[in-house]
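Data first, discussion second: the structure below is written as structure tokens.
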Amino acid sequence: MGDRKFSWGMILSLALLGFSMSTGWAINKGLTFKLLQEGYTNAPAIIGAVLSLQGLMGLIVPPLMGYYSDVYSSKKGRRKPFILAGGIISGLIVLGIYFSYIAKIPLLAFAVILSAFYFFMYFFVAQYRSLMPDVIQSGERGKASGIITLFEWMGNLVLFGSLAFLAAKATQVTGIEKGIEAMVKAGYLWIPFAVVAFFLIVSALYVYFRVKEPSIEGEIPKESLGEYLKAIISDRDFLKFYVAQMLWWLSFEFIAVFLFGILESILGSGDVTALGNAIMAIFNVTVLIGAIVGGPLYDKIGRRKSIITGGMIFLIPFIVGWFVTTKVEVTALIGFSGIGWGMLMATSWPVIGDLLTKYEKEAFNGRYYGFFEATKSFPILIAGLVGGAIVQLAGGNYRVLFPVGAIFIIIALPLIWGMEHLDTISKEKPSVEGLEETEMGA
208 MGDRKFSWGM ILSLALLGFS MSTGWAINKG LTFKLLQEGY TNAPAIIGAV
258 LSLQGLMGLI VPPLMGYYSD VYSSKKGRRK PFILAGGIIS GLIVLGIYFS
308 YIAKIPLLAF AVILSAFYFF MYFFVAQYRS LMPDVIQSGE RGKASGIITL
358 FEWMGNLVLF GSLAFLAAKA TQVTGIEKGI EAMVKAGYLW IPFAVVAFFL
408 IVSALYVYFR VKEPSIEGEI PKESLGEYLK AIISDRDFLK FYVAQMLWWL
458 SFEFIAVFLF GILESILGSG DVTALGNAIM AIFNVTVLIG AIVGGPLYDK
508 IGRRKSIITG GMIFLIPFIV GWFVTTKVEV TALIGFSGIG WGMLMATSWP
558 VIGDLLTKYE KEAFNGRYYG FFEATKSFPI LIAGLVGGAI VQLAGGNYRV
608 LFPVGAIFII IALPLIWGME HLDTISKEKP SVEGLEETEM GA
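Numbering (the numbering used here), first residue to last: 208 to 649.
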């Protein structure tokens, strides 16, 4: 790689893109469940199946796009063309989701539009993840990750806070208790969709035209799609890390996908649109705290200790979640979990880049971060399908997802502790030469 000094301009550019992408995922988390519930069906299994389409797209698209961004070349770089296309198209599809719902298109067609949105959001996420370790050397990536993670979850905060305010205001103006119906009647529903589309398109254009992507020194080593997947499975550290990622993201998605259902089960009320988005906003505030703390800890106290600390904090609310009964309790519980989640997010992102630094395979950032995104997306697929089935077996009681999620976190933490090379990563600036001779494996 070329010169990779810590660049605030590059980090803030990536932070803007991360902020924008997060607004896209936030509008999905904050509205899609209720759009399906109020506009189409109350069946948990059907809602879960539609929401799981995100996981299906995330499982397939990032590994492929990350791989091809490693071998792709153009005057504008390897990553940026994918970012430009994905950002613009996903922004336009966001507007399509709004207009299709207002037009009351059939459920199947609505699900297809959601699938297209998921596809193009995942089209460029591996490239976005790869740029940070491409330009920041090992030893400073925790700080960079903390900053960018801060902006990512700030995007969530802005959207969830806006949704909570608009839903509450619409109910006040119209007297209608159902949040989506009230927002449509008051003429507010278009606002969050327009905001998300604006940020996605503008940030993609900005990164494409204003950010200079680093060049690769020497010839990029050849590694087929099958060879890189085999390399991941055969390396114990990568395998442990990816499995741990899947487990704690599964715990997170159980709560995130079905939050409105959980609130309805705890409070015995269907009027939870404003409350749910307010809780998501609070969660994102505490995630910011966790990100600010977790990023620097990753570089200072050790990678293993910082990740385990975040995981333990995230675990506590899942253990006690079954017992909460009031708005205050569930709000405090989910808010506290955000601190641990923010630490996990800030300390997880640099791990792949640092392991590739050790193995002198940084030219492969795209494909390994693509697989990283897939391990985060697979739980979305499982959470929607399995979570919906578990809730139905529990008689419609969504709070059962708390203890189930705790089990997965408990399994994940020893995997991180058992990673052999997590705290033995060199901070030296690596060379791309000799990559083919480097063997990966524990």
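All C-beta atoms in this analysis are idealised placements derived from N, C-alpha and C, irrespective of residue type, glycine included.
- A distance below 7 Å between beta-carbons, with the five flanking residues on each side excluded, links residue 548 to the following residues of its chain, in chain order: 459, 494, 497, 521.
- By the neighbour-count definition (other C-beta atoms within 10 Å, threshold 16), residue 484 is a buried residue.
- The residues 575, 576, 579, in chain order, have a CB closer than 7 Å to that of residue 559 in the same chain once the five nearest residues on each side in sequence are set aside.
- Going by DSSP, residue 474 is part of the alpha helix (DSSP H) stretching over 466-474.
- Setting aside the 5 residues that flank it on each side, residue 356 is surrounded in the same chain by 498, 552, 553, each with a C-beta closer than 6 Å to its C-beta; the list follows chain order.
- In this structure, the alpha-carbon of residue 258 lies about 34 Å from that of residue 420.
- In the structure shown, residue 478 falls within a coil segment according to DSSP collapsed to helix, strand and coil.
- When 283, 331, 317 are compared, the shortest CA-CA separation from residue 294 is found for 331.
- Taking a cut-off of 8 Å for Cβ pairs, the stretch 536-545 and the stretch 586-603 do not touch, as fewer than three such pairs fall below it.
- The beta carbon of residue 353 lies closer than 7 Å to those of 498, 499, 501, 502, 503, 553 in the same chain, with the five residues before and after it left out.
- Around the beta-carbon of residue 417, fewer than 16 other beta-carbon atoms lie within 10 Å, marking it exposed.
- Shown here for residue 573: same chain residues with a beta carbon closer than 6 Å to its own, the five before and five after excluded, namely 273, 276, 277, 333, 337 in chain order.
- Distance from the CA atom of residue 307 to the CA atom of residue 397, rounded to whole angstroms, is 12 Å.
- Less than 8 Å divides the Cβ of residue 393 from the Cβ of residue 377.
- The residue from 317, 226, 286 with its alpha-carbon nearest to that of residue 256 is 317.
- Residue 610 counts as exposed, since fewer than 16 other beta carbons sit within 10 angstroms of its beta carbon.
- Residue 356 carries a helical assignment under DSSP once its states are collapsed to helix, strand and coil.
- Pairing residue 623 with residue 451 gives a Cβ-Cβ distance under 8 Å.
- Note that the stretch 463-475 does not touch the stretch 505-525; fewer than 3 beta-carbon pairs, one per stretch, sit closer than 8 Å.
- In this structure, residue 490 keeps its C-beta atom at 8 Å or more from the C-beta atom of residue 608.
- For residue 608, the three-state secondary structure derived from DSSP is helix.
- Non-local beta-carbon contacts of residue 514 in its own chain, meaning distances under 6 Å to residues more than five positions away in sequence, involve 554, 623 in chain order.
- Cβ neighbours of residue 617 within its own chain (closer than 8 Å, five residues either side excluded): 522.
- In the three-state scheme derived from DSSP, where H, G and I count as helix and E and B as strand, residue 601 is classed as coil.
- In the structure shown, residue 412 adopts helical secondary structure according to DSSP, grouped into three states.
- DSSP places residue 590 in the helix class (H, G or I) of the three-state scheme.
- Taking C-beta atoms under 8 Å as the contact rule, residue 304 and residue 326 fail to qualify, at a distance of about 13 Å.
- For the 8 Å CB-CB criterion, residue 228 and residue 342 do not form a contact.
- DSSP, reduced to helix, strand and coil, places residue 626 outside both helices and strands of the structure shown, so it counts as coil.
- The three-state secondary structure of residue 533, taken from DSSP, is coil.
- If you draw a straight line from the Cα of residue 400 to the Cα of residue 597, it is about 32 Å long.
- The three-state reading of DSSP puts residue 382 in coil, since its state is none of H, G, I, E or B.
- In this chain, the alpha helix (DSSP H) harbouring residue 342 covers 332-342.
- DSSP places residue 524 within a helical segment (H, G or I) once states are collapsed to three.
- Using a 10 angstroms sphere on the CB of residue 379, the tally of other CB atoms stays under 16, which defines it as exposed.
- Across the set 595, 230, 245, 224, the C-alpha of 245 shows the shortest separation from the C-alpha of residue 385.
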